[in-house]
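Residue numbers (UniProt numbering): 1 to 240. Note that CB positions come from ideal geometry on N, CA and C, so glycine has one too. One structure is given below, encoded as C-alpha coordinates.
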(Lines of atoms letter the chains of each structure in order from A; the text may use other names.)
(Lines give C-alpha, C1' and ligand atoms only; values in the text may rest on other atoms or scores of the structure.)
Protein backbone atom coordinates (compact mmCIF):
# COMPACT_ATOMS: atom_id res chain seq x y z
CA UNK A 1 0.00 0.00 0.00
CA UNK A 2 1.23 3.52 -0.81
CA UNK A 3 0.22 6.94 0.50
CA UNK A 4 -1.86 7.64 -2.62
CA UNK A 5 -4.18 4.81 -1.57
CA UNK A 6 -5.06 6.65 1.65
CA UNK A 7 -7.73 9.12 2.63
CA UNK A 8 -7.28 11.18 5.77
CA UNK A 9 -10.50 12.10 7.55
CA UNK A 10 -12.07 12.83 10.90
CA UNK A 11 -12.51 9.66 12.94
CA UNK A 12 -15.97 8.30 13.75
CA UNK A 13 -17.27 6.00 16.45
CA UNK A 14 -17.15 3.13 13.95
CA UNK A 15 -13.35 3.54 13.75
CA UNK A 16 -12.67 3.19 17.47
CA UNK A 17 -12.35 -0.59 17.67
CA UNK A 18 -9.59 -0.37 15.06
CA UNK A 19 -7.84 2.63 16.62
CA UNK A 20 -7.89 1.02 20.07
CA UNK A 21 -6.35 -2.20 18.78
CA UNK A 22 -3.75 -0.33 16.72
CA UNK A 23 -2.86 1.78 19.76
CA UNK A 24 -2.29 -1.27 21.96
CA UNK A 25 -0.22 -3.00 19.28
CA UNK A 26 1.91 -0.08 18.08
CA UNK A 27 2.03 2.24 21.13
CA UNK A 28 2.42 -0.08 24.11
CA UNK A 29 4.37 2.46 26.20
CA UNK A 30 2.59 3.95 29.18
CA UNK A 31 -0.15 2.61 31.41
CA UNK A 32 -3.36 3.09 29.42
CA UNK A 33 -2.54 0.59 26.62
CA UNK A 34 -1.90 -2.09 29.24
CA UNK A 35 -5.53 -1.70 30.34
CA UNK A 36 -6.55 -3.15 26.99
CA UNK A 37 -8.51 -2.23 23.85
CA UNK A 38 -11.84 -1.79 25.70
CA UNK A 39 -10.32 0.93 27.85
CA UNK A 40 -8.52 2.56 24.92
CA UNK A 41 -11.73 2.64 22.90
CA UNK A 42 -13.43 4.66 25.62
CA UNK A 43 -10.42 6.92 26.00
CA UNK A 44 -10.33 7.60 22.25
CA UNK A 45 -14.07 8.34 22.35
CA UNK A 46 -13.33 11.24 24.70
CA UNK A 47 -11.46 12.98 21.87
CA UNK A 48 -14.41 12.53 19.51
CA UNK A 49 -16.85 13.98 22.02
CA UNK A 50 -14.73 16.92 23.17
CA UNK A 51 -15.07 20.30 21.40
CA UNK A 52 -11.32 20.66 21.91
CA UNK A 53 -10.53 17.14 20.70
CA UNK A 54 -8.88 16.20 17.42
CA UNK A 55 -9.44 12.66 16.14
CA UNK A 56 -8.08 11.77 12.71
CA UNK A 57 -7.62 8.50 10.83
CA UNK A 58 -6.01 7.37 7.61
CA UNK A 59 -8.03 4.74 5.75
CA UNK A 60 -7.37 2.79 2.57
CA UNK A 61 -9.63 4.05 -0.21
CA UNK A 62 -9.51 0.62 -1.90
CA UNK A 63 -10.97 -1.30 1.06
CA UNK A 64 -14.69 -1.84 1.60
CA UNK A 65 -15.36 -1.29 4.43
CA UNK A 66 -12.57 1.22 4.94
CA UNK A 67 -9.61 -0.13 6.88
CA UNK A 68 -8.00 2.16 9.47
CA UNK A 69 -4.25 2.19 8.81
CA UNK A 70 -3.21 5.09 11.05
CA UNK A 71 -4.67 7.48 13.59
CA UNK A 72 -3.94 10.63 15.56
CA UNK A 73 -5.61 11.85 18.74
CA UNK A 74 -4.95 15.17 20.42
CA UNK A 75 -6.50 18.40 21.62
CA UNK A 76 -6.36 22.02 20.56
CA UNK A 77 -6.56 23.15 24.22
CA UNK A 78 -5.33 20.43 26.56
CA UNK A 79 -6.29 22.09 29.85
CA UNK A 80 -9.88 22.73 28.78
CA UNK A 81 -10.14 19.28 27.21
CA UNK A 82 -8.95 17.44 30.31
CA UNK A 83 -11.15 19.47 32.65
CA UNK A 84 -14.18 18.58 30.54
CA UNK A 85 -13.25 14.89 30.41
CA UNK A 86 -12.69 14.58 34.15
CA UNK A 87 -15.84 16.56 34.95
CA UNK A 88 -17.98 14.13 32.94
CA UNK A 89 -18.94 11.76 35.76
CA UNK A 90 -20.53 9.21 33.45
CA UNK A 91 -17.41 8.97 31.31
CA UNK A 92 -15.12 8.82 34.33
CA UNK A 93 -17.23 6.04 35.84
CA UNK A 94 -17.15 4.08 32.58
CA UNK A 95 -13.38 4.40 32.34
CA UNK A 96 -12.95 3.47 35.99
CA UNK A 97 -15.10 0.35 35.70
CA UNK A 98 -13.27 -0.94 32.62
CA UNK A 99 -9.91 -0.15 34.21
CA UNK A 100 -10.90 -1.90 37.44
CA UNK A 101 -11.91 -5.06 35.57
CA UNK A 102 -8.58 -5.07 33.75
CA UNK A 103 -6.66 -4.59 36.99
CA UNK A 104 -8.55 -7.43 38.67
CA UNK A 105 -7.69 -9.73 35.77
CA UNK A 106 -4.02 -8.77 35.82
CA UNK A 107 -2.62 -8.64 39.38
CA UNK A 108 0.88 -7.47 38.30
CA UNK A 109 -0.74 -4.52 36.51
CA UNK A 110 -2.80 -3.76 39.63
CA UNK A 111 0.34 -3.79 41.76
CA UNK A 112 2.02 -1.41 39.33
CA UNK A 113 -1.00 0.91 39.50
CA UNK A 114 -0.98 0.98 43.30
CA UNK A 115 2.77 1.59 43.38
CA UNK A 116 2.96 4.34 40.76
CA UNK A 117 -0.41 5.98 40.18
CA UNK A 118 -3.17 5.29 42.71
CA UNK A 119 -2.50 8.24 45.03
CA UNK A 120 -1.78 11.03 42.49
CA UNK A 121 -4.61 9.98 40.16
CA UNK A 122 -7.12 9.82 42.99
CA UNK A 123 -6.10 13.25 44.26
CA UNK A 124 -6.33 14.74 40.79
CA UNK A 125 -9.73 13.23 40.14
CA UNK A 126 -11.19 14.38 43.47
CA UNK A 127 -9.73 17.85 43.02
CA UNK A 128 -11.15 18.20 39.52
CA UNK A 129 -14.64 16.97 40.41
CA UNK A 130 -14.98 19.03 43.57
CA UNK A 131 -13.43 22.32 42.48
CA UNK A 132 -15.47 25.22 41.15
CA UNK A 133 -14.76 26.44 37.61
CA UNK A 134 -12.19 29.20 37.73
CA UNK A 135 -13.06 32.58 36.28
CA UNK A 136 -10.94 33.59 33.28
CA UNK A 137 -7.99 35.54 34.62
CA UNK A 138 -6.00 36.27 31.49
CA UNK A 139 -2.88 35.05 33.30
CA UNK A 140 -1.19 31.83 32.12
CA UNK A 141 -4.35 31.08 30.16
CA UNK A 142 -2.77 30.69 26.73
CA UNK A 143 -4.07 27.41 25.30
CA UNK A 144 -1.60 24.73 24.29
CA UNK A 145 -2.44 21.96 21.84
CA UNK A 146 -1.24 18.47 22.71
CA UNK A 147 -0.62 15.65 20.28
CA UNK A 148 -1.53 12.77 22.56
CA UNK A 149 -1.05 9.72 20.33
CA UNK A 150 -0.24 8.80 16.76
CA UNK A 151 0.22 5.32 15.33
CA UNK A 152 0.81 4.00 11.82
CA UNK A 153 0.43 0.39 10.70
CA UNK A 154 3.87 -1.14 10.00
CA UNK A 155 2.99 -1.64 6.33
CA UNK A 156 2.78 2.15 5.93
CA UNK A 157 5.98 3.13 7.72
CA UNK A 158 7.87 5.60 5.56
CA UNK A 159 4.84 6.40 3.39
CA UNK A 160 4.34 9.88 4.82
CA UNK A 161 0.97 9.03 6.37
CA UNK A 162 2.16 9.95 9.85
CA UNK A 163 3.57 13.28 8.71
CA UNK A 164 0.31 14.15 6.95
CA UNK A 165 -1.68 13.38 10.10
CA UNK A 166 0.64 15.63 12.12
CA UNK A 167 0.23 18.44 9.57
CA UNK A 168 -3.55 18.16 9.80
CA UNK A 169 -3.39 18.24 13.58
CA UNK A 170 -1.29 21.41 13.52
CA UNK A 171 -3.75 22.96 11.08
CA UNK A 172 -6.72 22.11 13.32
CA UNK A 173 -4.94 23.65 16.30
CA UNK A 174 -4.07 26.79 14.33
CA UNK A 175 -7.65 27.21 13.13
CA UNK A 176 -8.78 26.75 16.74
CA UNK A 177 -6.70 29.73 17.83
CA UNK A 178 -3.82 27.85 19.45
CA UNK A 179 -0.31 29.04 18.65
CA UNK A 180 1.78 26.19 20.05
CA UNK A 181 1.54 22.41 20.08
CA UNK A 182 3.36 20.02 22.39
CA UNK A 183 3.95 16.29 22.65
CA UNK A 184 5.96 13.78 24.64
CA UNK A 185 7.68 10.73 23.19
CA UNK A 186 10.06 8.11 24.50
CA UNK A 187 13.65 9.32 24.54
CA UNK A 188 16.36 7.62 22.54
CA UNK A 189 15.95 4.96 19.88
CA UNK A 190 12.66 3.72 21.35
CA UNK A 191 10.95 7.03 20.65
CA UNK A 192 9.95 9.01 17.59
CA UNK A 193 12.18 12.00 18.28
CA UNK A 194 13.98 11.86 14.93
CA UNK A 195 10.65 11.79 13.09
CA UNK A 196 9.40 14.90 14.89
CA UNK A 197 12.70 16.76 14.56
CA UNK A 198 12.63 16.19 10.80
CA UNK A 199 9.21 17.88 10.82
CA UNK A 200 10.59 20.89 12.67
CA UNK A 201 9.52 20.06 16.22
CA UNK A 202 11.84 21.62 18.80
CA UNK A 203 13.15 19.22 21.46
CA UNK A 204 12.63 20.20 25.07
CA UNK A 205 13.59 18.75 28.40
CA UNK A 206 13.99 15.09 29.18
CA UNK A 207 12.17 13.59 32.16
CA UNK A 208 10.99 10.25 33.52
CA UNK A 209 7.50 8.82 33.68
CA UNK A 210 6.00 7.25 36.79
CA UNK A 211 7.28 3.94 35.44
CA UNK A 212 10.81 5.29 35.23
CA UNK A 213 10.91 5.50 31.43
CA UNK A 214 12.83 8.40 29.87
CA UNK A 215 10.72 10.73 27.72
CA UNK A 216 11.38 13.99 25.90
CA UNK A 217 8.98 16.85 25.22
CA UNK A 218 8.68 18.67 21.88
CA UNK A 219 7.07 21.93 20.76
CA UNK A 220 5.98 23.25 17.37
CA UNK A 221 4.14 26.36 16.14
CA UNK A 222 0.74 25.47 14.74
CA UNK A 223 0.75 27.76 11.70
CA UNK A 224 2.04 25.05 9.37
CA UNK A 225 -0.50 24.56 6.52
CA UNK A 226 -1.94 21.08 6.08
CA UNK A 227 -2.39 19.24 2.83
CA UNK A 228 -6.09 19.54 2.18
CA UNK A 229 -6.19 17.63 -1.09
CA UNK A 230 -6.65 14.25 0.58
CA UNK A 231 -8.68 15.29 3.61
CA UNK A 232 -12.41 14.75 4.00
CA UNK A 233 -14.26 16.27 6.93
CA UNK A 234 -17.00 13.74 7.64
CA UNK A 235 -18.29 15.05 10.97
CA UNK A 236 -21.85 15.00 9.66
CA UNK A 237 -21.49 11.31 8.87
CA UNK A 238 -20.44 10.46 12.43
CA UNK A 239 -22.94 7.83 13.67
CA UNK A 240 -22.85 9.08 17.26
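### Task
Following the continuous beta strand (DSSP E) through residue 181, name the residue where it begins and the one where it ends.
It spans 180-186 - the beta strand (DSSP E) in which residue 181 sits, taken as one unbroken run.
### Message
Taking the straight line between their C-alpha atoms, what separation do you get for residue 10 and residue 29?
### Response
Going from the Cα of residue 10 to the Cα of residue 29 covers about 25 angstroms.
### Message
Between the alpha carbons of residue 118 and residue 5, how many angstroms are there, rounded?
### Response
Here the alpha carbon of residue 118 sits roughly 44 angstroms from the alpha carbon of residue 5.
### Task
Look at the alpha carbon of residue 182 and the alpha carbon of residue 100, and state the distance between them as a whole number of angstroms.
So the two alpha carbons sit approximately 30 angstroms from each other.
#### Entry: Short Cβ contact (8 angstroms threshold) for residue 148 with residue 195
The Cβ atoms of residue 148 and residue 195 do not sit closer than 8 angstroms to each other.
### Task
Tell me whether residue 220 sits in a helix, a strand or coil according to DSSP, three-state version.
Residue 220: strand per DSSP, three-state reduction.
### Message
DSSP three-state label for residue 13, please.
### Response
Residue 13: helix per DSSP, three-state reduction.
### Message
Can you look up residue 46 in the DSSP assignment and give me helix, strand or coil?
### Response
Residue 46 sits in a helix when the DSSP states are folded into three classes.
### Message
For a quick check, are the C-beta atoms of residue 70 and residue 156 less than 8 angstroms apart?
### Response
Result yes, Cβ atoms of residue 70 and residue 156 sit closer than 8 angstroms.
#### Entry: Under the three-state DSSP convention, the category residue 194 falls into
Residue 194 falls in the helix class under three-state DSSP.
### Query
Going by beta carbon distance, what residues of the same chain come within less than 6 angstroms of residue 48, once the five residues before and after it are set aside?
Correct list, in chain order: 55.
#### Entry: residue 27 in three-state terms, based on DSSP
Coil, per DSSP.
### Query
With distances taken from CA atoms, which of 46, 166 and 66 is nearest residue 93?
Nearest C-alpha to residue 93: 46.
### Query
If we count the other Cβ atoms within 10 Å of its Cβ and call it buried at 16 or more, is residue 25 buried or exposed?
Burial call: exposed.
### DSSP state of residue 107 mapped onto helix, strand, coil
Note: residue 107 maps to helix in three-state DSSP.
#### Entry: residue 104 classed as buried or exposed, judged by whether at least 16 other C-beta atoms fall within 10 angstroms
It is exposed - the Cβ of residue 104 has fewer than 16 other Cβ atoms within 10 Å.
### Message
For residue 211, count the other beta carbons within 10 Å of its own beta carbon; 16 or more makes it buried, fewer makes it exposed. Which is it?
### Response
That one is exposed.
### Message
Can you give me the C-alpha to C-alpha distance between residue 111 and residue 36, rounded to a whole angstrom?
### Response
Spanning the two alpha carbons is a distance of roughly 16 angstroms.
### Query
By the 10 Å Cβ neighbour count, where 16 or more other Cβ atoms means buried, how is residue 53 classified, buried or exposed?
Counting every other CB atom within 10 Å of its CB across the protein chains shown gives residue 53 a total of 16 or more, marking it as buried.
### Query
Count the other CB atoms within 10 Å of the CB of residue 89; is the residue buried (16 or more) or exposed (fewer)?
Burial state of residue 89 is exposed, judged by a 10 Å Cβ sphere holding fewer than 16 other Cβ atoms.
### Query
In its own chain, which residues sit with a C-beta less than 7 angstroms from the C-beta of residue 213, not counting the 5 before and 5 after it?
The beta carbon of residue 213 lies closer than 7 angstroms to those of 29 and 186 in the same chain, with the five residues before and after it left out.
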